[in-house]
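Under the working numbering, the first residue of the sequence shown carries the number -11, and numbering increases by one thereafter. Glycine is no exception: its CB is placed at the ideal position from the N, C-alpha and C atoms. For reference, the structure is listed below as structure tokens.
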Amino acid sequence: MSEYEHTCMIRGDGGRTIRAILDRICNKWTLLIVATLDQGSLRFTGLQQQIPGISQRMLTLTLRNLERDGLVSRTVHAEVPPRVEYALTPTGKSLIPPALALAGWAIEHVPHIETSREAYQTRNQ
């Protein structure tokens, strides 16, 4: 038995909880939002400007889910017009080191992965 084989069964729910969390934090928009907010709090438009390709709808949905999961805080300032800022919570900040480790792994293995993709493509044409 692998030392990791039991990890999905920790909660006794067949791994549903862990899969749901990993689905949330491993999607590209979540990681880009978390990485962007690592620099400090931002308003919605600031986030949208710094994350190329994200639609307003996807940014809204992802921020809402990150807030629900406790990774991002949303602060509404009583001004006219209202000013809303988003920031990482301590839990959100704790995601930075593993995300950077994963990105580092990807960068380190790009040449091997590209070579493998080319070989696969050649074999399957």
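Just confirm the distance between the C-beta atoms of glycine 80 and leucine 59, as a whole number of angstroms; I'd bet it's less than 8 Å. In the sequence shown, the residue the question calls residue 80 occupies position 92. In the sequence shown, the residue the question calls residue 59 occupies position 71. At roughly 4 Å, the Cβ-Cβ gap stays under 8 Å, so glycine 80 and leucine 59 are in contact.
Less than 8 Å between CB atoms is the rule here; does leucine 59 satisfy it with respect to chain C? The chain labelled as chain C is not found in the depicted structure, where only one protein chain is given.
Just the Cα atoms here: how many angstroms apart are arginine 62 and valine 72? Within the sequence shown, residue 62 is the residue found at index 74, counting from 1. Within the sequence shown, residue 72 is the residue found at index 84, counting from 1. So the alpha carbons of these two residues sit roughly 7 Å apart.
Does DSSP put leucine 83 in a helix, in a strand, or in coil? Indexing the sequence shown from 1 puts residue 83 at position 95. Residue state, collapsed to three classes: coil.
Return the CA-CA distance between alanine 23 and isoleucine 84, expressed in angstroms with no decimal places. Translated into positions along the sequence shown, residue 23 becomes position 35. Translated into positions along the sequence shown, residue 84 becomes position 96. Each residue's Cα considered, the two are about 7 Å apart.
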